[in-house]
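Colleague: What follows is a structure written as structure tokens; I'll ask about it next.
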Amino acid sequence: MRQIAKNRGEPDVFLIHHGNLSASIREEAEVKMKDAETHAVTCATVTMELGIDIGKLERIGHLGAPSTVSSFLQRLGRSGRRGDPPEMMMVFREEEALPNAPLPQLIPWELLRAIAITQLYIEERFIEPPRVKSLPFSLLFHQTLSTLAASGELTPKRLADRVLALPPFAAVSREDYKTLILSMINNDFLQLTEERGLIVGLAGERLLNSFKFYAVFKDTEDFTVRSGSDEIGTITTPPPVGDRFALAGRVWEVEELDARRRLLYVKPVEGKMEVSWPGDYGEIDTKILERMKRVLEEDTVYPYLKPNAQRRLEMARHAARASGMLERPLICLGGYTWCIFPWLGTRSFRTFRKYLAHNASRYGIANIEFEGCNYILFRMDKATDRELVSGLAERVKREGINTAELVGHNELPLFEKYDTYIPGDLLRKAYAADRLRPDEAETRILEIERGYEND
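Position 387 of the sequence shown, counting from 1, maps to 419 under our numbering, and the rest follow consecutively.
What follows is the structure in structure tokens.
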């Protein structure tokens, strides 16, 4: 945007606001946005989505589609204050698909998701229900140390009575808590006294003495970026000296790296760089994927789509109908290459994908690839599509999907702040309980089987 304005000889009215910037740069953007006389464009992440009164915004520009209806409404609601209607425009950029591109690349997945999210709210006022973790072991570790630090010595039974009575741990069994306590004792986070009571151990004291202990969210050891005497912001992974990266809407070249003090000295340079962000994408609800399928099935012309988007949607509908993917979601792309469209949300899609991988050897399945929760590509050379579908369905009818079997013994799913201190068995149990969803995956497998039976 700054380069375009410079080329046109127009003023630089662009502000930046995101969590990796220094407080002074963020505050500058907030002050200018609150000023009624300022005409500016602020490029922001979710840092401006909540908790900041920025007065009157004419409209929101959104790159790509949100992951959830709730995010869509929250961001839309930032505009339309002071009596004006809310307004948001979504912008999608994609490369022109080649004529010989495989079927999944002919579908504009983000555009479909944007339409599905909009329609779900217009038609049903749908908003995703809150997701509550049933086995938050990282939080349990934190609260165990906190309780002992506040109460002093407690017997194991009194400690369990007090901690497990907290609402977040209603689904945690005493056996699992015992496993965690024994691990904390073995690693010196807790210490067993001669009276068989529990107190905070030396390793636990080191954690408690850090101000970072009080926050239960995961923090990162970022590098501070400086240009001369100005602090620009922070970056998680510093590039080597001489490399360039984008931050605060500008491009910087690394001049010096001070690893001990976690400082990165840079100078501004002309040009542009791609910006990439670490972290997880938001989880998508199955209702959104199912509505995306309906977008392809129906002939509705959505009045909020611009001509290019309408044209792109028509191309996608034609490709989807011609391929048969809407009636039979398992499609042969040629030879031994197959693609399946489960139309499932993040957790159910993950379960479906892992279940397919768990049964891969039976059907000669290999090279499983996927994009988001849109589709799964794989190679299959020992079975037909009908044999695969009927085989998976029969097994689901007989025994269901056991999520514990889908988490490998060597997997160590680390997501939360204190997961590195949690025994692997508990982490795998929490992953199976809170990040997999078998019921929707089972239902979809049986629906796919019925589609073959009706032929």
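For every residue, glycine included, the Cβ atom is placed at its ideal position computed from N, Cα and C.
Give the DSSP-derived three-state secondary structure of residue 33 in the structure shown.
Modeller: Three-state result, residue 33: coil.
Colleague: Please report the Cβ distance between residue 71 and residue 58, rounded to the nearest whole angstrom; I am assuming they are in contact, meaning their Cβ atoms lie under 8 Å.
Modeller: Not confirmed; about 20 Å, so no contact.
Colleague: Could you give the first and the last residue of the continuous alpha helix (DSSP H) run that contains residue 235?
Modeller: Note, residue 235: alpha helix (DSSP H), 234-240.
Colleague: Can you look up residue 77 in the DSSP assignment and give me helix, strand or coil?
Modeller: Coil at residue 77, not helix or strand.
Colleague: Go through its chain and collect everything with a Cβ distance to residue 477's Cβ below 6 Å, but skip five positions before and after it.
Modeller: Result list for residue 477: 424, 425, 428, in chain order.
Colleague: Which residue's Cα is closest to the Cα of residue 407: 416, 376, 420, 481?
Modeller: Checking every option, the nearest Cα to that of residue 407 belongs to 376.
Colleague: I need the boundaries of the alpha helix (DSSP H) containing residue 141, first residue and last residue.
Modeller: Here the alpha helix (DSSP H) through residue 141 covers 141-156.
Colleague: Leaving aside the five residues before and after residue 46 along the sequence, list all residues of the same chain whose C-beta is less than 8 Å from its C-beta, in chain order.
Modeller: For residue 46, where only same-chain residues beyond five positions count, the Cβ hits under 8 Å are 33, 34, 37, 72, 73, 74, 75, 281.
Colleague: If you draw a straight line from the alpha carbon of residue 180 to that of residue 241, how long is it in whole angstroms?
Modeller: Cα to Cα, the separation comes out at about 14 Å.
Colleague: CA-CA distance, residue 365 and residue 397?
Modeller: Roughly 15 Å separates the two Cα atoms.
Colleague: Just confirm the distance between the C-beta atoms of residue 470 and residue 460, as a whole number of angstroms; I'd bet it's less than 8 Å.
Modeller: 15 Å between Cβ atoms; not a contact.
Colleague: Go through its chain and collect everything with a Cβ distance to residue 329's Cβ below 7 Å, but skip five positions before and after it.
Modeller: So the list reads 358, once near-sequence residues are dropped.
Colleague: Between the Cα of residue 482 and those of 433, 421, 450, spot the shortest distance and give me the residue it belongs to.
Modeller: The residue with the shortest Cα to Cα distance from residue 482 is 421.
Colleague: Return the chain-ordered list of same chain residues with a C-beta closer than 6 Å to the C-beta of residue 216, the five sequence neighbours on each side being excluded.
Modeller: Result list for residue 216: 222, in chain order.
Colleague: Measuring CA to CA, which of 475, 344, 373, 160 is closest to residue 129?
Modeller: Checked all of 475, 344, 373, 160; the closest Cα to residue 129 is 344.
Colleague: According to DSSP, what are the bridge partners of residue 223?
Modeller: In DSSP, residue 223 forms a bridge with 231.
Colleague: Looking at C-beta atoms only, is the number of pairs between the segment 435-454 and the segment 408-417 that lie closer than 8 Å three or more?
Modeller: Touching, no, given that fewer than three Cβ pairs across the two stretches are closer than 8 Å.
Colleague: Beta-carbon separation of residue 144 and residue 347 under 9 Å?
Modeller: Their beta carbons are not under 9 Å apart, which means residue 144 does not touch residue 347 by this criterion.
Colleague: CA-CA distance, residue 387 and residue 250?
Modeller: Those two C-alpha atoms are separated by around 30 Å.
Colleague: Go ahead and label residue 40 buried or exposed: buried means 16 or more other beta carbons lie within 10 angstroms of its beta carbon, across all protein chains shown.
Modeller: Looking at its Cβ environment, which holds fewer than 16 other Cβ atoms inside 10 Å, residue 40 is exposed.
Colleague: Report yes if the CB atom of residue 443 is closer than 9 Å to the CB atom of residue 170, and no otherwise.
Modeller: Going by C-beta atoms, residue 443 is not nearer than 9 Å to residue 170.
Colleague: With a threshold of 16 other CB atoms inside 10 Å of the CB of residue 234, please say whether the residue is buried or exposed.
Modeller: By the 10 Å Cβ count, residue 234 comes out exposed.
Colleague: Which residues share a DSSP beta bridge with residue 49?
Modeller: Paired residue(s): 76.
Colleague: Nearest CA to the CA of residue 378: which residue from 419, 244, 265, 100?
Modeller: When each option's Cα is compared against that of residue 378, the closest is 100.
Colleague: Spatial neighbours of residue 466 within its chain, please: CB distance less than 7 Å, with the 5 preceding and 5 following residues excluded, ordered by chain position.
Modeller: Taken in chain order, the residues that qualify are 165, 166, 167.
Colleague: Here's the rule I'm using: 16 or more other beta-carbon atoms within 10 Å means buried, otherwise exposed. How should residue 67 be labelled?
Modeller: With fewer than 16 Cβ atoms within 10 Å of its Cβ, residue 67 is classed as exposed.
Colleague: For residue 125 versus residue 315, is the C-beta distance shorter than 9 Å?
Modeller: Cβ distance not < 9 Å, so residue 125 and residue 315 don't count as in contact.
Colleague: Using the Cα positions of residue 276 and residue 65, report the straight-line distance between them to the nearest angstrom.
Modeller: Each residue's alpha carbon lies about 29 Å from the other.
Colleague: Figure out for me which residue from 107, 152, 69 has the closest Cα to the Cα of residue 488.
Modeller: The first residue shown for the chain is 33 and the last is 487, placing residue 488 beyond what the model contains.
Colleague: Tell me which residues share the same chain as residue 360 and place their Cβ nearer than 7 Å to its Cβ, disregarding the 5 neighbours each side in the sequence.
Modeller: Result list for residue 360: 483, in chain order.
Colleague: Could you check whether residue 135 and residue 191 sit closer than 9 Å to each other, using their CB atoms as the reference points?
Modeller: It is not a contact, given that the beta carbons lie outside the stated cut-off.
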